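Enquirer: Counting in the numbering used here, the sequence shown runs from 28 upward without gaps. Have a look at this one before I ask anything.
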Amino acid sequence: GLLFQAVSYMLREGASMLESILTTLALPLLVVLGGLLALSLRRRWAGGMLALTLLLAGPGRSSAITDRDAGSGHERVLVASGETLDDSLVAHGQTVAVDGTVSGNLFAAASRLIVRGTIKGDLLAVAERIEIEGTVEGNIFAAGDTLLIRGAVGQSIYGGGTTLRIEEPGRVEGDLIGAAEDLDLRGRVGRDLVAFAGDLNVRGSVDRDVSVRVRRLHLDAPARVGGNLVARVPDASGVQLTRYPPGLISA
Numbered sequence: 028g029l030l031f032q033a034v035s036y037m038l039r040e041g042a043s044m045l046e047s048i049l050t051t052l053a054l055p056l057l058v059v060l061g062g063l064l065a066l067s068l069r070r071r072w073a074g075g076m077l078a079l080t081l082l083l084a085g086p087g088r089s090s091a092i093t094d095r096d097a098g099s100g101h102e103r104v105l106v107a108s109g110e111t112l113d114d115s116l117v118a119h120g121q122t123v124a125v126d127g128t129v130s131g132n133l134f135a136a137a138s139r140l141i142v143r144g145t146i147k148g149d150l151l152a153v154a155e156r157i158e159i160e161g162t163v164e165g166n167i168f169a170a171g172d173t174l175l176i177r178g179a180v181g182q183s184i185y186g187g188g189t190t191l192r193i194e195e196p197g198r199v200e201g202d203l204i205g206a207a208e209d210l211d212l213r214g215r216v217g218r219d220l221v222a223f224a225g226d227l228n229v230r231g232s233v234d235r236d237v238s239v240r241v242r243r244l245h246l247d248a249p250a251r252v253g254g255n256l257v258a259r260v261p262d263a264s265g266v267q268l269t270r271y272p273p274g275l276i277s278a
């Protein structure tokens, strides 16, 4: 499906781009695999497995790692509002919430992850539903069913899932690189948007270029693209523009 199209496109367009992306994502992919393995194990072993994966993947990336288990019940706040954790955090459980500040990276494996506080480093997450209502100052590397951004991301998002949504006033200061069945941009992307999607709806803004391979593209005012916009679709009927001049998209 979408993953096969993404890999095929990168192989056709240039090996150097593929090599660069694989180099960038080597650690996150290892963490994602570790997270999936952790979720498949019994809960009392999950935290240790995820922490071990992180140590093997990136020794020296963080001087300290704290492991906290949210358990299998209702939402549990692992970092409370007003609390600052001066470590990187490994969080796992049914529903994980971070309301305070994590000074390092956040590594999470959960059914639902909610960030209402601040992550000073990167977020690497495997979850059915990921909700960012606060701030992630670094990058987001995420795999799951739904990724929802209502807050701020200081660098870039690399995400894959069924639904990827940037809601207003959500913003991504770097690039948004995603693969999803439904991708909805109503907020702002500070650099480039690169997407492989079934349906792509854009009502927000992209400061630089947009390059997408989609089944359907809906570009609706007040959408704004600061650079070039190139959309690859099966046929021109898959493109819907509202109050935009013809010839804006090459199909």
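The beta-carbon is built from N, C-alpha and C at its ideal position, and this holds for glycine as well. All of these numbers come straight from a predicted model, not from anything done at the bench.
1. Beta strand (DSSP E) containing ARG242: first to last residue?
2. What's the C-alpha gap between ASP149 and VAL237?
3. Grab the span of the beta strand (DSSP E) containing ARG156 for me, first residue to last.
4. Grouping DSSP H, G and I as helix and E and B as strand, with all else coil, what is ALA179?
5. Since LEU147 and VAL129 should fall inside the 8 Å C-beta cutoff, what is the C-beta to C-beta distance between them, to a whole number of angstroms?
6. Counting only the same chain and skipping the five closest in sequence on each side, list residues whose C-beta sits under 6 Å from that of GLY161.
7. With DSSP run on the structure shown, which of helix, strand or coil describes ALA263?
8. Which one or two residues does DSSP pair with THR122 in a beta bridge?
9. So VAL252 and VAL266 are in contact, right, with Cβ under 8 Å, and what is the actual spacing, rounded?
10. Taking just the CA atoms, how far does LEU244 sit from GLU208?
11. ASN166 to GLU200, Cα distance in whole Å?
12. Rounded to whole angstroms, what's the CA-CA distance from GLU195 to LEU203? Just pull it up for me.
13. Going along the chain, which residues of its own chain have a beta-carbon closer than 7 Å to the beta-carbon of ASP126, five neighbours each way excluded?
14. Taking the CB atoms as reference points, tell me whether ARG230 and ALA206 lie closer together than 8 Å.
15. Short check: CB of ILE193 to CB of GLY214, under 8 Å?
16. Looking at GLY197: is its Cβ nearer than 8 Å to the Cβ of ILE184?
17. Using a Cβ-Cβ distance cut-off of 8 Å, determine whether LEU191 contacts chain B.
18. Going by beta-carbon coordinates alone, are ASP211 and ARG235 separated by less than 8 Å?
19. Of all the options LEU140, ARG259, VAL163, which has the alpha carbon lying nearest to the alpha carbon of ALA170?
20. I need the boundaries of the beta strand (DSSP E) containing GLU208, first residue and last residue.
21. List the whole-angstrom C-beta distance separating LEU112 from PHE134, where the pair is believed to meet the contact cut-off of C-beta under 8 Å.
22. Using CA coordinates, which residue listed in LEU246, ASP247, VAL241, ALA248 is at the minimum distance from ARG259?
Expert: Taking the geometry as given:
1. 237 to 246
2. 24 Å
3. 150 to 159
4. strand
5. The sequence given here places Lys at residue 147; Leu does not occur at that position. Indeed, because the Cβ distance is near 6 Å, the residues count as touching under 8 Å.
6. VAL142, ARG143, GLY144, THR145, GLY178
7. helix
8. ARG139
9. Not quite, the Cβ-Cβ distance comes to about 14 Å (not below 8 Å), so this is no contact.
10. 12 Å
11. 10 Å
12. 15 Å
13. VAL104, VAL106, ALA107, SER108, ARG143, GLY144
14. no
15. yes
16. no
17. The structure shown contains no chain B; it holds only a single protein chain.
18. no
19. LEU140
20. 203 to 212
21. Between PHE134 and LEU112 the Cβ distance is about 13 Å, and since that is not below 8 Å, they are no contact.
22. VAL241
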